[in-house]
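Q:
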Amino acid sequence: MQPGQMAYDRGITVFSPDGRLFQVEYAREAVKKGTTTIGLKFKNGVILMVDKRLSSKLVEPGSIEKIYDIDDYIGCATSGLVADARVLIDEARKNAQRHKLHYDENIATEMLVKNVCDYKQNYTQYGGGRPFGVALLVAGVDDLGMHLFETDPSGALVAYRATCIGSGRPVVMDIFEREFEDGMSFEAAAKLGLKALGTAIDDTLSAASVEIGVVEKGKKFRRLSDSEITKLIGKV
Amino acid sequence: MQPGQMAYDRGITVFSPDGRLFQVEYAREAVKKGTTTIGLKFKNGVILMVDKRLSSKLVEPGSIEKIYDIDDYIGCATSGLVADARVLIDEARKNAQRHKLHYDENIATEMLVKNVCDYKQNYTQYGGGRPFGVALLVAGVDDLGMHLFETDPSGALVAYRATCIGSGRPVVMDIFEREFEDGMSFEAAAKLGLKALGTAIDDTLSAASVEIGVVEKGKKFRRLSDSEITKLIGKV
Amino acid sequence: MQPGQMAYDRGITVFSPDGRLFQVEYAREAVKKGTTTIGLKFKNGVILMVDKRLSSKLVEPGSIEKIYDIDDYIGCATSGLVADARVLIDEARKNAQRHKLHYDENIATEMLVKNVCDYKQNYTQYGGGRPFGVALLVAGVDDLGMHLFETDPSGALVAYRATCIGSGRPVVMDIFEREFEDGMSFEAAAKLGLKALGTAIDDTLSAASVEIGVVEKGKKFRRLSDSEITKLIGKV
Amino acid sequence: MQPGQMAYDRGITVFSPDGRLFQVEYAREAVKKGTTTIGLKFKNGVILMVDKRLSSKLVEPGSIEKIYDIDDYIGCATSGLVADARVLIDEARKNAQRHKLHYDENIATEMLVKNVCDYKQNYTQYGGGRPFGVALLVAGVDDLGMHLFETDPSGALVAYRATCIGSGRPVVMDIFEREFEDGMSFEAAAKLGLKALGTAIDDTLSAASVEIGVVEKGKKFRRLSDSEITKLIGKV
Amino acid sequence: MQPGQMAYDRGITVFSPDGRLFQVEYAREAVKKGTTTIGLKFKNGVILMVDKRLSSKLVEPGSIEKIYDIDDYIGCATSGLVADARVLIDEARKNAQRHKLHYDENIATEMLVKNVCDYKQNYTQYGGGRPFGVALLVAGVDDLGMHLFETDPSGALVAYRATCIGSGRPVVMDIFEREFEDGMSFEAAAKLGLKALGTAIDDTLSAASVEIGVVEKGKKFRRLSDSEITKLIGKV
Amino acid sequence: MQPGQMAYDRGITVFSPDGRLFQVEYAREAVKKGTTTIGLKFKNGVILMVDKRLSSKLVEPGSIEKIYDIDDYIGCATSGLVADARVLIDEARKNAQRHKLHYDENIATEMLVKNVCDYKQNYTQYGGGRPFGVALLVAGVDDLGMHLFETDPSGALVAYRATCIGSGRPVVMDIFEREFEDGMSFEAAAKLGLKALGTAIDDTLSAASVEIGVVEKGKKFRRLSDSEITKLIGKV
Amino acid sequence: MQPGQMAYDRGITVFSPDGRLFQVEYAREAVKKGTTTIGLKFKNGVILMVDKRLSSKLVEPGSIEKIYDIDDYIGCATSGLVADARVLIDEARKNAQRHKLHYDENIATEMLVKNVCDYKQNYTQYGGGRPFGVALLVAGVDDLGMHLFETDPSGALVAYRATCIGSGRPVVMDIFEREFEDGMSFEAAAKLGLKALGTAIDDTLSAASVEIGVVEKGKKFRRLSDSEITKLIGKV
């Protein structure tokens, strides 16, 4: 922490002398402590992959939803405060529904992500409410191609070929930077993702501990079944 | 308390430098001091069980309601600030009523719990009102199966097979982790719950000191009668 | 006062690190300094009894109203800030009137008390207004039986067989715990109440210094006349 | 001032740890510094009496209004901040007018005083505006009898036989406690009041330095003429 | 400054422990530094008189308006913050216009002054806006007689025979107390005012440095012409 | 800075103990650092003159507008925060347009300036927004004559024969006080203004570094062309 | 940092004693850390040029949009907080659309820029929201000519012949001041811009690392293709 930082870091509507918004940066810390969440593109689409190990064996297996569908061809995974995430997912879904209602077509992935990010930005500029402590990975396929967007608490968005949010990010990004290639097959990409996730969480993966979503050209966004996941893990 | 914590822990809309929301954490402390409240699944449904010992012998026996029905097939028990709990229970009931009015069907348990949790999340993000100092156990049976949800002041929710909120949680969870099994009979589950509750409050149980609710496939949520409770205690 | 308490005790919407709401606790202190106010059940109803000694002999005797009727079969006595009490009494009366208007029947005592307590709870959760510095004893008879409720500044409510709020509470409760019995006759209960009140205020009672209200099955809530009170005191 | 008092005494919506509202108490200090204002009952009515000595001989004699009529049979005198008093007097008058308009009858004195006190109480519970720094003596005659009410900045009200607000209160109350009697004639009561007022302000009274209002059964509230006052003073 | 004063003197809605409103007192300081402004009654009316010496010889002579007409028979002069004064003058004029519109008659001087003072009082009780840093002298003639009112930032008002606001007040009041007489002729009163003003500002008067307004029974409020002023000064 | 000043200088709605409004005074500092802006009357009209030297040679010459027309016969120049100035200019223009729309005539210069100053005053009395950090010189010709007004951040306004705002004020006013004369010809006044401006900014003037506006009886407000300015400078 | 600066630098609506608005200055720091963004005019139009090097090789090449079209003949590039920029770009586009709708013509570049700057200014004067941490370069061609505007967080705007915002500004401006000439050909201007950009970011340029937009008389605003950019870079 730099000297004097505490004088500027509690107000949402306050810049520090060097032009930083500390509350936004602190919200990012909530993301850095979050679930490891991976996104990566393959030849025909985009994969999302989330660590969903249970915090206690008394938790209902299968009850934890970590990957959400936003629209027919758009899926989303999050990292950070779970209740904040639910609010943003709802916002995204309503956004997609409104577009469908008004224009009778699916919303483009980028437009949807921008709308959600504008919603987030508001919470970094106006007092009365803190920023959202959550980052999103959004995977979508539309007329403009295949997309994997990462958003952060500031409302910024970046399109990635492969990325990761949450506590495992440093490990996963390191592996992706060395091993990710454009145009991989679904299986190759999924294996790379599972390898990175397993390394990051330093644990053995199983259908119970990882959730996978995929969207592909011409196919709607869907979650993989346990048997599909087990098969993929078997191949790693 | 970590150094400097006090600089960030009084504002609802303020993240600490490591991305925590202290007011939400402090609201959880109100829950940790609350009544020991247990939920556990059995073969055909879900049991809720609450410590309702009287604070004084002048209190009207039978007057204390600790288990609430939200909808025909959904019941709820709480731990934490009692007046806050009443507000959330009302919110949940209105939610269920609105759904019935609009769609002419019972609301799904998970949807109801999410709606209540969205309501809670609001109080963690906007200034003007503190978070709710209360956690809920919600038991429900619907077309999707049997459900036992635990919610906390942040607006997070987790589905459990068996869980406990309030001051007795550490003791109860320890017992459940060792002894709970899926698919127990109603009697086996109730006995396990009573054993755990008795151990946690370190007191002899009686129909006057414990309240039990149950929801079962095809049967509406109901509170057990004193004689039913006495019979169950007798079997422990 | 615990160390650091002052850092958390001025904001209404602020939890302390151990999950307490100090402003609510301080509002309770206003009640602890209030008029000694007693409620106790007897065989067929509920008695309310209030210390109404005059602060100066220039005060108009008989002008001080300490017991209020809320509805035909519901009465109320208060302890704490007198202007706050008046506001809550008005709220309760309007509540009862609205119910009568909408449903053409008397409101149930418990529903009325819950509504007033929800009103109180609001002032413990939202900024802009302090909690009410007043507790209420509500006595009512309805289809569900005879009721004696005590509410506090947090919005919590408890049903008692016999209770006391205000400065004399420790003394009175001590006597009640030893001597109160269920199913006492009106005279026995009234004598017990007068004895406890006299002991608590350490003064000789007279029709001028105590106000008594009673509600009984089949009879509306009413205040006793001076001669009735004098007669009862004579019997103690 | 008790230790730590300053930590709690600037917020309107803040209780001190012992349940006090300091801003209300400080507003009472403004009253204690105010004009000496007396009220006392006599056989058939109520007298109000106010010190209206001029602060400078350049002030227009006769211009200072210290006694106000609220309704036909209700008069009022105040002590404390004069601009605050004017606002409350207006509020009281509008209250009486509204009642007349809605019910075609004069408002009862007690109802009027309660309404004004509810208005005052609001300013002790909600932020955004300070309490009124003014106390009122209200004298009225109605179907329920003759009334002399004293209100304070908290919104509390007490019915007196004889009372005093403002800087002279200790001296006047001392005299009243020794010499006031129920059922005095108008002249006896007026003489007692003038004697007390003269003693309190330690000055010779004249028609120019004292204002007197009176309300009597069957006669509307009115201010005494200078010659009436002079005659009364002559008799003291 | 009394010890601890700074703890209470920045909030508008905050009483000090001795019942003072420091922000109102500080606003009065702005008046005490203001232009010397005089009002005095004569046999048939009221005179207002203001020091209007230019702050620089580059200021446009004749451009400075220090005396305002509010209604046909009501004039006003101010001392304190000039922009605040303009706002209050506008408020007063609109008030007079509204009255004329509604009742088709001129507003009484006292009613107008009370309305403006109620407007001022608001700014001493509610947060969000500071009190007006300005005092007004209002001169009027109506069916009730001739009036000279002085108002201050608290919203208090006093009727004077002769008075002064602004920096010269101590000197002027001293002269008035010794030399002012009721029923003086216009010339005598004007000469007394000019003498007092000249003494207070310790400067030679001229038509360029003093502005004079007058309202007289049966004659509308008007400003004296330069030649009239010169003639009057010549007689002093 | 006087001792204790910092205790009062951050709140807009806060008077200091000696009745000053520090935030308004600080806003004046922004003006004192502003562009040197001159206004002076001549026989038939008013001249405005502004230093418009470029901050960098990459700035588009001719792009910087420093003199604005508000209405056909009213022009304006400003000094202080440029974005604040733009907002006030817009406000002034809308004001003039509204007047034209409602009354089908040009607004009088003084009325326009008062309206803008009332707008400014608001920002010195209410919280939520800081005062405008800008002063205006307004030049106008109307039925009442020729006008040159100076306004400041408090909302005060003064009519000048010749004046200056911004960093060069002390130097310019010194020259004007010695050399300005009423009824100068346009050329004489313009030369005096240019001399003063050149001295104040201590730089050689050119058509590129000074902007000049003029309004004359019977001629609309207009900016001088570069050749006119060059010619005038040649004559100095 | 000057002594005492911290006392004034956290409030948006607070001037410092020397008339500065620190929060606006701090917002400018966010711009100074931003992407190097260049604008320069050539004979027939204006070029915008932005550094768009990827922060990671996993970022989708071609996904980062750094230059935006606002209207047919107006383009824009930004530096500073990216989410803030998106909000302002949207505001600008809506502004242009509204103009087209109302007047059936393209908005003039300067009017558009002023509107956006008025929007920005608001956030420097009112509390509740921080200033925008972003600067814009706006390039446009309209009936009034070719324009290159730079705006900053205060809402100020300056027309430049060539300019730069973001971290590379000092280096780029130094080169432009020495080498920029009016009336350069498109190729000469583009080469100068690329040279300056390359020097500022101290990196080799490629079509992947620089984005270029251009608007020319008679030709709509457009982004150069990768091959056009590659060709231009080849010529440097």
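Chains as they are written, first to last, in UniProt numbering: chain A, 1 to 236; chain B, 1 to 236; chain C, 1 to 236; chain D, 1 to 236; chain E, 1 to 236; chain F, 1 to 236; chain G, 1 to 236. Cβ atoms here follow ideal geometry from the backbone N, Cα and C, with glycine treated the same way. A quick note: this is a predicted structure, and the numbers were derived from the prediction, not measured.
1. Assuming T36/D contacts C164/D (C-beta within less than 8 Å), just tell me the rounded distance between them.
2. Using a C-beta cutoff of 8 Å, does A83/C count as contacting chain D?
3. Assign S154/B to one of three DSSP states: helix, strand, or coil.
4. Please name the residue or residues paired with M146/B in a DSSP beta bridge.
5. Where does the unbroken beta strand (DSSP E) through S79/F begin, and where does it stop?
6. Taking a Cβ distance cut-off of 9 Å, strictly less, list which residues of the segment 187-209 of chain E are near chain H, in chain order.
7. At 8 Å on the CB atoms, spell out the chain D contacts of residue 257/E, in chain order.
8. Is it buried or exposed, residue 297/G, if we count other Cβ atoms within 10 angstroms and call 16 or more buried?
9. Which stretch, first to last residue, makes up the beta strand (DSSP E) that contains G213/C?
10. Quick one: does Y160/C have its CB under 8 Å from some CB of chain B?
11. Taking buried to mean at least 16 other C-beta atoms within 10 Å of its own C-beta, is G62/B buried or exposed?
12. Which residues share a DSSP beta bridge with R222/A?
13. Using Cβ-Cβ distances below 9 Å, what residues of the segment 117-132 of chain G are close to chain A?
14. F149/B and T199/B: beta carbons closer than 8 Å?
15. What residue range is occupied by the uninterrupted alpha helix (DSSP H) comprising I201/F?
16. Does the segment 108-125 of chain D touch the segment 169-188 of chain D, meaning 3 or more C-beta pairs lie closer than 8 Å?
17. Taking the alpha carbon of A208/E as the reference point, which residue from R93/E, V24/E, S55/E has its own alpha carbon closest?
18. Run through DSSP, which three-state label would G234/B get?
19. Measuring straight from C-alpha to C-alpha, what distance separates Y160/F and G140/F?
20. How many angstroms separate the CA atom of A162/D from the CA atom of D182/D?
21. Just curious, the beta strand (DSSP E) that V46/G is in, first and last residue?
22. I want to see whether chain B comes within less than 8 Å of E177/C, judged by CB atoms only; does it?
23. If we ignore side chains and look at the alpha-carbon of each, how far apart do I212/B and L112/B end up?
24. Under 8 Å, Cβ to Cβ, is there at least one residue of chain A near P170/B?
25. In the DSSP assignment, the beta strand (DSSP E) including Y160/D goes from what residue to what residue?
26. With C-beta atoms as the reference, is G80/B less than 8 Å away from A30/B?
27. Identify every residue that forms a DSSP beta bridge with A135/B.
28. Beta carbon of T151/C, beta carbon of L136/C: below 8 Å?
29. Check for me: the beta strand (DSSP E) holding Y123/G runs from which residue to which?
30. Based on the DSSP secondary-structure assignment, which residues constitute the bridge partners of K41/D?
31. Between which two residues does the alpha helix (DSSP H) harbouring I175/E extend?
32. Near E228/B, what residues of its chain come up, given a Cβ to Cβ distance below 8 Å and the 5 sequence neighbours on each side ignored?
33. DSSP three-state call for I64/C: helix, strand or coil?
34. According to DSSP, is V24/E helix, strand or coil?
35. Could you tell me which residues DSSP pairs with T69/E in its beta bridges?
36. Would you say L40/D and L192/D are within 8 Å of each other, going by their C-beta atoms?
A: In short, the structure shows the following:
1. Numbered from 1 along the fourth sequence, position 36 holds the residue referred to as residue 36/D. Numbered from 1 along the fourth sequence, position 164 holds the residue referred to as residue 164/D. Contact holds; Cβ gap of about 7 Å.
2. Residue numbering aside, residue 83/C sits at position 83 when the third sequence is read from its first letter. By this cut-off, A83/C is an interface position.
3. Position 154 of the second sequence, counting from 1, holds the residue named residue 154/B. If DSSP states are grouped into helix, strand and coil, S154/B belongs with coil.
4. Reading the second sequence from its first residue, position 146 is the one you call residue 146/B. For M146/B, which the question treats as bridged, DSSP gives the partners V141/B.
5. Numbered from 1 along the sixth sequence, position 79 holds the residue referred to as residue 79/F. Start and end: 74-80.
6. No chain H is present in this structure, whose protein chains are A, B, C, D, E, F and G.
7. Residue 257/E cannot be examined here, being either before or after the span of chain E that is shown, 1 to 236.
8. No answer is possible for residue 297/G: it lies beyond the span of chain G, which begins at 1 and ends at 236.
9. Indexing the third sequence from 1 puts residue 213/C at position 213. Looking at the DSSP string, the run of the beta strand (DSSP E) that includes G213/C is 210-216.
10. Residue numbering aside, residue 160/C sits at position 160 when the third sequence is read from its first letter. Yes, its Cβ sits closer than 8 Å to a Cβ of chain B.
11. As a position in the second sequence, residue 62/B is number 62, starting the count at 1. So G62/B counts as exposed.
12. Taking the first residue of the first sequence as 1, we reach residue 222/A at position 222. DSSP, once it has assigned bridges, lists V214/A as partnering R222/A.
13. Y123, G127, G128, G129, R130, P131, F132
14. Within the second sequence, the letter at position 149 stands for residue 149/B. Within the second sequence, the letter at position 199 stands for residue 199/B. Taking 8 Å as the Cβ cut-off, F149/B and T199/B do not qualify as a contacting pair.
15. By one-based count along the sixth sequence, residue 201/F stands at place 201. Per DSSP, I201/F belongs to the alpha helix (DSSP H) from 186-201.
16. no
17. Indexing the fifth sequence from 1 puts residue 208/E at position 208. Taking only the C-alpha atoms, the option nearest A208/E is S55/E.
18. Counting from 1 along the second sequence, the entry for residue 234/B is found at position 234. Three-state DSSP puts G234/B in a helix.
19. Along the sixth sequence, one-based indexing puts residue 160/F at 160. Along the sixth sequence, one-based indexing puts residue 140/F at 140. Distance between the alpha carbons of Y160/F and G140/F is about 12 Å.
20. Numbered from its first residue, the fourth sequence carries residue 162/D at position 162. Numbered from its first residue, the fourth sequence carries residue 182/D at position 182. Each residue's Cα considered, the two are about 9 Å apart.
21. Here the question's residue 46/G lines up with position 46 in the seventh sequence. Run containing V46/G: 45-51, per the beta strand (DSSP E) assignment.
22. Taking the first residue of the third sequence as 1, we reach residue 177/C at position 177. By this cut-off, E177/C is an interface position.
23. The count along the second sequence starts at 1 and reaches residue 212/B at position 212. The count along the second sequence starts at 1 and reaches residue 112/B at position 112. Cα-Cα distance, rounded: 22 Å.
24. Sequence index remark: in the second sequence, residue 170/B carries index 170 (1-based). By this cut-off, P170/B is not an interface position.
25. Here the question's residue 160/D lines up with position 160 in the fourth sequence. It is not in any beta strand (DSSP E) - Y160/D carries neither H nor E in the DSSP assignment.
26. Locating residue 80/B in the second sequence gives position 80, counting from the first residue. Locating residue 30/B in the second sequence gives position 30, counting from the first residue. Yes; because the gap between Cβ atoms is below 8 Å, this pair is in contact.
27. Here residue 135/B refers to the residue found at position 135 when the second sequence is read from its first residue. According to DSSP, A135/B bridges with S79/B.
28. Counting from one through the third sequence, the residue named residue 151/C turns up at place 151. Counting from one through the third sequence, the residue named residue 136/C turns up at place 136. Yes. Within cutoff.
29. Within the seventh sequence, residue 123/G is the residue found at index 123, counting from 1. No beta strand (DSSP E) holds Y123/G; the alpha helix (DSSP H) holding it covers 109-125.
30. As a first step, residue 41/D must be located in the fourth sequence, where it is residue number 41. K41/D pairs with V46/D.
31. Locating residue 175/E in the fifth sequence gives position 175, where the first residue counts as 1. Where I175/E is concerned, the enclosing alpha helix (DSSP H) stretches over 169-179.
32. Looking up residue 228/B in the second sequence gives position 228. Hits under 8 Å: I212.
33. Taking the third sequence and counting its residues from 1, one reaches residue 64/C at position 64. Coil at I64/C, not helix or strand.
34. The residue you call residue 24/E lines up with position 24 of the fifth sequence. In the structure shown, V24/E sits in a helix (DSSP, three-state: H, G or I).
35. Against the fifth sequence, residue 69/E aligns to sequence position 69. Here residue 69/E is Asp; the residue named in the question, Thr, does not match the sequence. Bridge partners of D69/E: G75/E.
36. Along the fourth sequence, read from residue 1 onward, the residue named residue 40/D stands at position 40. Along the fourth sequence, read from residue 1 onward, the residue named residue 192/D stands at position 192. Their beta carbons are under 8 Å apart, which means L40/D touches L192/D by this criterion.
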